[in-house]
Each structure stands twice: as C-alpha cells, then as structure tokens.
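Protein chains in written order, with this note's numbering: chain W, 1 to 253; chain P, 1 to 388. Step one of this worksheet: look at the structure below.
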Amino acid sequence: MQPLTGLSSSSPMECSSLSATAPIWQDILAQAMTGELLAAMNYASLSEICDDPAEVADALEHAQGERGHAAAFAAEGRKIGVDVTNNVDAKHWKRLREAFLRCIAERDFIACLIVQEIMLESFAVASYSRVGKVAPGSLGETFARIAAEEEDHVDHAMSILRAERARDAQRFDDKVYRLHLDVMTTLAQMLAKECKDGHCEVCHHTCVKPSLFEVSLSAAELRGASLQQYLKTLDMLGIPGEVTLAWVTQLPV
Amino acid sequence: MGHSATSVATPRQTIDVDFALIGHQESWRAAADVIAVLRGPERTPLPDDEIKDILPWIPPRAVCHVDVGSITGAKARGLYIDSFIPPDRLEAAYVHENIARVRSAAACAIKAGARIVSLGGFSSILIEGNFDLLPERHDTVFTTGNTLTVAFIVQGIKKMCALEGRDLSKSTLLIVGATGDVGSGCARCLAPLVRRVLLSARNVERLRRLAAELEADGVEAEIATDLQRFSAHADVVVCAASLASPSLFLGRIAPDAIVCDAGYPKNLSPSADMPNAKVFLGGLGQITTGMKFTPDFHGVLNRHPFPDVVHGCLLEGMALALEHRFEPFSQGRGFITPHRVEEMETIAACHGIYLAPLYNADGPLEHAVHSPEGMLWSMSDSAALLPG
C-alpha cells in the first residue's frame, strides 16, 4: 500500500483571491485527493495480481500517476492557503476500496478494470471536468488537465474490456451489473444531493454540498455529469442502452 | 438493491430492428412515469425535484422494444428511443442542444439496425428542414411521420363534424401553425372541403406562399400573423403550431366551434376559456392488433384513454415497416399533399391502423365497446373502418 501521508504537508502559501470560497475549494480538493489516493492504492493492488510484466508496469505507472494527481491537488490547496487533507478510510471511499479488494481477492483483472476505469474514472473525469470549467486560474487548469489524463487511461482500458465483452457478452454484462450494484450504489450515495446518512468524513467541517453554488457548482450537476459519463462509457463498451438506463435509474438518490 | 444480479443484467440484447420511434416526453408527469417504470415497482418513485435534476443528463437511448402486428399477419419489431429532451427545454433557446439530442437518438437507431425511423413530436420539428443534420445513415431511412398525422387530423375533423351534425362544406376553417409541415398538409387537404380558409402563422412570407399555392388550386385563403383577427370567425380550428408548451389562447371563438389540438406538446392552454367549443386531440391513430412493449410501458408511453393509441407520426414508421416500404415517406417541409395522405392512409388501413376514437382532456368523446378480440372500439367508428 502506498503511504498516504506527506502529500498535504505545508509549504509557503501563495496568496490568492479565493479566500472567501477557499473552504469550499478545500473540501472539493480533499474529495479529489482522496479519490486519487484510492485510485493509486487500487492500481498498486492491481499490479500484484497481474501476470504479464508489461501489465504490472502499466499498473504501477498508473499508481504513480494517480499519486502525482493527488500531489497536484494538495499543491493547489497550498496556493489558496488551505491544507488539503485526505481520508481513504472515510465511509464511502472505504466501501469503494473494499469492493475493489474483493475483485483483487478473486484475482479478477477484468472486474478490477471495470470498477476502476469504468465506474470510478467516469466519476472522476466528469466531476473534474465540471470543476475545471468553473475553478479560477491554476486550480481550474489542474482539474481540467487531470480530467484529460484520466480520460486517456480509460481509453486504454476500453480496448481490453471491449475485447473481453466480444468473447462472451452475456457473461461480461452480468459481471458489470454485479459490480454496478456494489460500486455504483456507493457512488450514487456519495453523489446524492444531500448526505442523508451523516458526515462523509472527508469534508473538513460541515458538508460542502449546500455551498457548492457559491463556486458555480451543484451536487446535482456533479451527479448528473458523472452518471452521464458512466452511461456513455457503458455505451462504448457495447452494453445495450436500454439496459444501462434501467441500471442507472434504479440507483439510490 | 436487494436482488440477485444473476441473468438480469442484460435481459435482452439489442438486435436488428425493423423500425425505431424517436420521441420525448411532453410533461414532467409523463417523464416521471417513464422513470418509475424503469425503477420498477419495488422502488419508490423518485421525487419530482430529483426527476428534474436527473433527466436532462440522460443521453438519448432506447427505452423499450416495441412489437407490432398487422391484420395481414405481418409482424415488425421496433425500438422506442427517447431523446430525453426535458419537457421545459423545448424553446428556441435550446434548439442546438435539442438537435444534438435528436442526432444522438438517430445514431442509436442506426446502431440498432433500424431500417426506418419515425421522428415524433419536436424531433421532427427540429429535423424536418434539416435532414442533412442527421448522422450518416447507411441502410436506415427517416420519416417525420407527418403524412399520417395529417391523415388522422383530417379524418378527425370529418368525424367530429359528423358527430356534431356539421356540414364541413359550410364551415370556416382556421389553421394555426399553417406554414409548418403538418399545418400546410392540413391546409392542402381541408381547404378544398370548406367554405372559407383562414391561415395563421408567425412568418408572413411563408403564409403568402402557402396562400398562393392554394389559390393556384382554386381555393382562396386569407392570412394573418395575428391569430386574434381570425379566431372569432372560425367554426373549425386546427391547432398545429410548434409550441414548447400548451400556451395557445384562441381568444374569442365562434360558439360551438370544433377545435382539433394536434400539437405535441398540446397547443391549447389548459386555462383557455372556450365555452361550448368541441375540443379534441388530433393526429392520433390506433393499431388494432395491439402493441407489445418490453419492458411494459403500456399506458405510459401512450397515455390515452383508449388502448394502443399512438401519434400518427410514430404509427407511420410502424405502418411502413409492416408494409416493408423502407422509404423516407415524409421528409422536408411542405410536401404533404392530399394524394400522399391518401396513399399513407391506405397503407395504414391495410395493416389495421385507423383513426383513434376521439377524446379530449376531459375524457372520451365517443362511447367505446370491447370487440371480441378485447380491443376497445368506438361506437361511432363506421363499419368500413373495422377490420374484416
């Protein structure tokens, strides 16, 4: 497992004009950083079940990339004068990690790709893109750049997953659905407009969602964009649209 | 979620289909009902605010399979594809977004292998003059379905006049939205049958062109962009305007006027004060051998007081598929003629697709009876319209 400390250590702060909204960006960055660290842990775990040395190298490279993203988010926090913390043991993130580890325990490489690249990365690409559009200056640029980088490695996974589906579509779709019920249910709870089941354990104080409008965002928009990206990614895999529509509409809100 | 994933992930793979129907919901209530069916009876329906937040993000996609049969025994398999245009985003401000949605829905139809695609509601309004905006089509053809819509509007007017004991030839006809594809088609079909023709639309140049065309055929037509100038004079009105919401007020209207609301969404404002007017919803047909939706969207995608009633524009695609005439029967704007309407009526009737029993927001305007096959038939349907 990758060490999680040290990424958010303080360095000389850069003054910024974002002081009024800094606590909001702090929470957004904390969620993003936690997600990146979780992804880094997932790729590191994935490297342990890969047989092909090239796949091992790929997974480790991705893990390093995700750690770089986490560091970039921490650095953006420092620029606006906030300390960006992370908590991969926060309840939702922990459940997502546990779901991934179940795939690792089964040594199911394809399931790992589905969880990380189709489900978690859809969420990351869509939400970072939205944040990238509204966040000012280098903060916005960092979110937009990382969204683009995440999209790039989704493309790589897609070719592997499409080939897998071509071998047995029904089996593949059943697997995606089983993982959808597990992972996307948790993601949907995270993305709900309000955190109905208590504090998420990542936001540094109260829930950031009701304040998102102050930075031209909303929880509904981030959820909508994420689910749209997920549906489009499933379309690219070739899973029938009427099937995935039912899956998504059945998620909790 | 509480149920096993086993074999429920993909209950049915998408396979090549004969036809596809592209549509959208005309109200949030209708959209909520679609989402409720997709969620299944074991889950609580989503609150309205969640529906309004989620629906705009859903990319166009197939919602269900539609199987239809003909009285000849022919069968056709189709898909209903929803563009998920939010009901409150039909205005001009969203035109580019909505065209993109229809294009994306069309791409779904092409990918599914549909040989003919009907464009329902605003889909056809968005595309009727811009068929080049559709994606590369391979073996898929598109029809707006407007010819059969016009056929059912004209049949409905004739039937309503008969029910009310009116002589159509002595009537003053007003067409609202006269320069649209449906409105102009209705003008060409109905103008020769009435005493006086009033045409109303927003674009005066198009109105002049339509009036000149009718005059060349020996029918004199009066035109106005100001609807209120005409509404008091008309005793038969066809509302075929492209309105984003039911917002039309006819103003002062002749007592006992017959009004056909053929819009989707409906044209007439629910608060329009038209005492004694005989309003009915036009452009609707009924497929007598029924439809099978998988999953079951009966009464949800076709929200009418009679079974198996569908808008003419969608039925046109089904009729052409049953006829194995995979051709773009209705395309562009302003090409619907009485001859083409008659041809489409004949094709539809061959497969048991007829004018639906008339109704309005208050309910059926005709009594209906169950046929031996379990279908609901209107008592006033003429024997000639019944199969066999």
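Ideal placement from N, C-alpha and C gives every residue a C-beta, glycine not left out. Please read these numbers as outputs of a predicted model, since none were measured by experiment.
* Do you know whose CA, among 126(W), 116(W), 90(W) and 91(W), lies nearest residue 101(W)'s CA? -> Across the set 126(W), 116(W), 90(W) and 91(W), the C-alpha of 116(W) shows the shortest separation from the C-alpha of residue 101(W).
* To do: Indicate whether the contact test is met: 3 or more Cβ pairs, each with one atom in the region 221–241 of chain W and one in the region 46–64 of chain P, closer than 8 Å.
  => Enough Cβ pairs lie closer than 8 Å, so yes.
* Closest residue to residue 63(W) among 166(W), 218(W), 35(W) and 180(W) (Cα-Cα distance) -> Of the candidates 166(W), 218(W), 35(W) and 180(W), the residue whose Cα lies closest to the Cα of residue 63(W) is 35(W).
* Taking the alpha-carbon positions, what's the residue 211(P) to residue 50(P) distance? -> Note on geometry: alpha-carbon atoms of residue 211(P) and residue 50(P) lie some 48 Å from one another.
* Helix, strand or coil at residue 198(W) according to DSSP, with G and I counted as helix -> The three-state reading of DSSP puts residue 198(W) in coil, since its state is none of H, G, I, E or B.
* Asked: By a C-beta neighbour count over all protein chains shown, 10 Å radius and 16 as the cutoff for buried, is residue 217(P) buried or exposed?
  -> Residue 217(P) is exposed by the Cβ-count criterion.
* **Residue nearest to residue 257(P) in terms of C-alpha spacing, selected from 243(P), 267(P), 231(P) and 248(P)** => Comparing Cα-Cα distances from residue 257(P) to each of 243(P), 267(P), 231(P) and 248(P), the minimum goes to 231(P).
* To do: Consult DSSP for residue 118(P) and reduce its assignment to one of helix, strand or coil.
  => In the structure shown, residue 118(P) falls within a strand segment according to DSSP collapsed to helix, strand and coil.
* Asked: Between residue 12(W) and the rest of its own chain, which residues show a CB-CB distance below 7 Å, the 5 nearest in sequence each way excluded?
  -> With a pLDDT of 39 at residue 12(W), under the threshold of 50, the modelled position of that residue is not reliable, and no figure is offered here.
* What residue from 110(W), 119(W), 24(W) and 45(W) has the CA that sits closest to residue 182(W)'s CA? -> Closest option to residue 182(W), Cα to Cα, is 119(W).
* Asked: Using a Cβ-Cβ cut-off of 7 Å (strictly less than) and excluding sequence neighbours within five positions of residue 345(P), which residues of its own chain qualify?
  -> Answer for residue 345(P): 151, listed in chain order.
* To do: Determine the direct distance from the alpha carbon of residue 177(W) to that of residue 121(P), and round the result to whole angstroms.
  => Computed Cα separation, rounded: 33 Å.
* To do: Could you name each continuous beta strand (DSSP E) segment of 3 residues or more that falls completely within the region 158–209 of chain P, going from the start of the chain to the end?
  => Within the region 158–209 of chain P, the complete beta strand (DSSP E) runs of at least 3 residues are 172–176 and 196–200.
* Residue interval of the beta strand (DSSP E) (run including residue 361(P)) -> From DSSP, residue 361(P) is part of no beta strand (DSSP E); its letter is neither H nor E.
* Asked: In the structure shown, what three-state DSSP assignment does residue 339(P) receive?
  -> For residue 339(P), the three-state secondary structure derived from DSSP is helix.
* Asked: Would residue 277(P) be called buried (16 or more neighbouring beta carbons within 10 Å of its own) or exposed?
  -> Around the CB of residue 277(P), 16 or more other CB atoms lie within 10 Å, so the residue is classed as buried.
* Asked: Nearest to residue 107(P) by CA position, among 75(W), 235(W), 250(W) and 248(W), is which residue?
  -> Per the Cα distances, 235(W).
* Asked: Quick one: which chain W residues come within Cβ less than 8 Å of residue 53(P)?
  -> What residue 53(P) touches in chain W, judged by beta-carbon distance under 8 Å, is 193, 220, 223 and 224, going in chain order.
* In the DSSP assignment, find the beta strand (DSSP E) that holds residue 313(P) and state where it starts and stops. => Counting along the chain, residue 313(P) falls outside any beta strand (DSSP E), though it belongs to the alpha helix (DSSP H) covering 312–322.
* Asked: Is it the case that the Cβ atoms of residue 295(P) and residue 64(P) are separated by a distance below 8 Å?
  -> Yes, Cβ-Cβ distance for residue 295(P) and residue 64(P) is below 8 Å.
* **With 16 other Cβ atoms within 10 Å as the buried cut-off, status of residue 92(W)** => Around the CB of residue 92(W), 16 or more other CB atoms lie within 10 Å, so the residue is classed as buried.
* So is residue 85(W) in contact with chain P if we call contact Cβ pairs under 8 Å? -> Cβ-Cβ to chain P under 8 Å: no for residue 85(W).
* Asked: CB-CB under 6 Å to residue 385(P), same chain, minus the five flanking residues each way: which ones, in chain order?
  -> Unreliable positioning characterises residue 385(P) in this predicted model, as indicated by a pLDDT of 33, which lies under 50. The coordinate reading is nonetheless provided below. 354, listed in sequence order.
* Would you call the region 140–151 of chain P and the region 328–344 of chain P touching, i.e. three or more CB-CB distances under 8 Å? -> Short answer: they touch.
* Asked: Does DSSP put residue 309(P) in a helix, a strand or coil?
  -> The three-state reading of DSSP puts residue 309(P) in strand, counting E and B together.
* Minimum Cβ-Cβ distance from residue 163(W) to chain P less than 8 Å -> Put simply, the CB of residue 163(W) is far from chain P, with every gap to its CB atoms at 8 Å or more.
* Taking Cβ-Cβ distances shorter than 7 Å, what residues in chain W pair up with residue 40(P)? -> Residues of chain W whose Cβ lies closer than 7 Å to the Cβ of residue 40(P) are, in chain order, 250.
* Exposed or buried, what is residue 133(P) when buried is set at 16 or more other beta-carbons lying within 10 Å of its beta-carbon? -> Of the other Cβ atoms in all chains shown, fewer than 16 fall within 10 Å of the Cβ of residue 133(P); this residue is therefore exposed.
* Taking residue 80(W) as the reference, give the member of 175(W), 23(W) and 105(W) with the closest Cα. => Considering only alpha carbons, the answer is 23(W).
* **Proximity below 8 Å, CB of residue 263(P) to CB of residue 240(P)** => Taking 8 Å as the Cβ cut-off, residue 263(P) and residue 240(P) qualify as a contacting pair.
* To do: Spell out the partners DSSP gives residue 224(P) in its beta bridges.
  => DSSP output for residue 224(P) lists 200(P) as bridge partner(s).
* To do: Look up residue 286(P) in the DSSP assignment and say whether it is helix, strand or coil.
  => Here residue 286(P) sits in strand by DSSP.
* Where do the ends of the beta strand (DSSP E) carrying residue 138(P) lie? -> Careful: residue 138(P) lies outside any beta strand (DSSP E) and carries neither H nor E.
* Based on the DSSP secondary-structure assignment, which residues constitute the bridge partners of residue 280(P)? -> According to DSSP, which records beta bridges pairwise, residue 280(P) is partnered with 260(P).
* For residue 153(P), the nearest candidate out of 260(P), 180(P), 246(P) and 128(P) (CA to CA) -> Cα-wise, what sits closest to residue 153(P) is 260(P).
* **Collapsed DSSP secondary structure at residue 19(P) in the structure displayed** => In the structure shown, residue 19(P) sits in a strand (DSSP, three-state: E or B).
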